[in-house]
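Asks: The sequence shown begins at 18 in my numbering and counts up by one.
Where is the CB? At the ideal position from N, CA and C, for every residue including glycine.
Just passing along the structure, written as structure tokens.
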Amino acid sequence: MLVLAFMAMHVYAAEPVRHVENNAFRRGEILVFNAMYHSRMTGSVTAGDARLEILPGNKLIDGRTTMRIKGTANTRGVFNLFFRVENYYHSYVDEETMAPLRFHRNIREGRYRREDNVRFDHHNNLAFSERDTTTIPPFVQDIISALYYARTFDMTDVQPGDSFEVNFYLSDSVYVSRILYEGREQITTRLGTFNTLVFKPQVQEGTVFNQPYPMTLWISDDKNKIPIRVESGLIVGTARLDLTQFGGLRNPVTSFVPRP
18 MLVLAFMAMH VYAAEPVRHV ENNAFRRGEI LVFNAMYHSR MTGSVTAGDA
68 RLEILPGNKL IDGRTTMRIK GTANTRGVFN LFFRVENYYH SYVDEETMAP
118 LRFHRNIREG RYRREDNVRF DHHNNLAFSE RDTTTIPPFV QDIISALYYA
168 RTFDMTDVQP GDSFEVNFYL SDSVYVSRIL YEGREQITTR LGTFNTLVFK
218 PQVQEGTVFN QPYPMTLWIS DDKNKIPIRV ESGLIVGTAR LDLTQFGGLR
268 NPVTSFVPRP
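Here it is in structure tokens:
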């Protein structure tokens with residue numbers, strides 16, 4: 018029985034059942050964001066920062082070559098007095114299928130704490146955590162790998178009003194995010210002016226978000242498809258992430274609009 022299980026594992030490892038073409042990112046890419054919060058009571062205040070990084074090197078998991086993606090999000094300064102956030106994420110993404118094989122997160126949001134260590138078995142459509150075993154759809158994403166998987170999409174013929182869906186796993190449950198494409202827009206940040214593609218991902222309504230499409234993403238209109246700005250309408254106020262630094266990109270930033 019053990020021999021059969023070992024053979025089955027290696028057959029799966031050697032024969033991926035899908036191939037995702039990735040021309041958008043590579044190891045060594047770093048994206049750094051500044052977080053702002055705005056409300057009538059506070060005005061605009063710096064809330065913290067966030068960072069996404071594809072670490073160098075290869076890591077084999079179950080015989081598969083993976084990319085290790087690290088994410089952090091932290092509040093800073095006086096904002097810690099109101100709502101302290103210290104979030105850390107690691108996603109190990111199969112380079113061939115762009116689906117996660119391992120996911121780790123350690124989050125602190127106010128008084129809320131949670132740590133997750135998840136193993137994905139895409140051959141048997143199962144996700145294993147310390148708390149539960151969850152049935153998953155084929156090649157489900159975690160909340161970090163979902164962004165990178167979406168960056169591989171070919172946007173050549175997409176029209177405003179088109180949408181696509183991404184399944185993702187979070188806290189022993191599976192969700193479906195419907196992402197609506199709104200069109201192109203030119204925006205200006207502290208880095209300069211960029212031509213962008215505008216998307217509205219649908220999220221669950223609840224105690225934080227007060228509408229099904231509260232978030233807007235501005236993605237660079239070039240081969241990198243990096244997030245330039247993310248804005249979320251909250252029940253009280255608005256949160257915004259703006260790209261402030263980047264490095265290690267796979268392609269030239271042709272979306273940048275030089276000053277006249």
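1) Less than 6 Å between C-beta atoms, sequence neighbours within five positions excluded: which residues of the same chain meet that for Y230?
2) Do you know offhand how far V102's Cα is from L208's?
3) Determine the direct distance from the alpha carbon of M53 to that of F226, and round the result to whole angstroms.
4) Please state whether DSSP places S237 in a helix, a strand or coil.
5) With a CB to CB cut of under 6 Å and the five nearest residues on each side skipped, what residues in its chain are close to S108?
6) Terminal residues of the continuous beta strand (DSSP E) containing A167?
7) Where does G65 sit, in a helix, a strand or coil, going by DSSP?
8) Less than 8 Å between the beta carbons of I124 and N104, yes or no?
9) Looking only at its chain, what residues have a beta carbon closer than 8 Å to the beta carbon of V274, apart from the 5 residues adjacent to it on each side?
10) With a threshold of 16 other CB atoms inside 10 Å of the CB of A22, please say whether the residue is buried or exposed.
11) Could you give the C-beta distance for T169 and V270, rounded to a whole number, given that I count them as a contact under 8 Å?
12) Contact between the region 248-268 and the region 41-48 is defined here as three or more beta-carbon pairs at a separation below 8 Å; is this criterion met?
13) When you compare only the Cα positions, how much space is there between R68 and N51?
14) Among V175, Y166 and V157, which one has its Cα closest to the Cα of S190?
15) Go ahead and label L260 buried or exposed: buried means 16 or more other beta carbons lie within 10 angstroms of its beta carbon, across all protein chains shown.
16) Measuring straight from C-alpha to C-alpha, what distance separates G88 and D179?
17) Between A90 and G65, how many whole angstroms is the CB-CB distance? I'm expecting something under 8 Å.
18) Starting from V110, follow the beta strand (DSSP E) in both directions and report where the run begins and ends.
Replies: Put simply:
1) Legend: pLDDT at Y230 = 46, less than 50; position of this residue unreliable, value from coordinates given subsequently. The residues are K217 and Q219.
2) 25 Å
3) With a pLDDT of only 35 at F226, under 50, the local geometry of the prediction cannot be trusted, and no value is derived from it.
4) strand
5) I86, P117, F120, D159, I161 and S162
6) It is not in any beta strand (DSSP E) - A167 instead sits in the alpha helix (DSSP H) that spans S162 to R168.
7) strand
8) yes
9) Q203, G209, T210, F211 and N212
10) Its pLDDT being 35, under 50, A22 is placed unreliably in this model, and the value from its coordinates should be taken loosely. Classification of A22: exposed, given that the 10 Å Cβ count is below 16.
11) So it is not a contact: roughly 18 Å between Cβ atoms.
12) yes
13) 9 Å
14) V157
15) buried
16) 29 Å
17) 7 Å
18) V102 to D111
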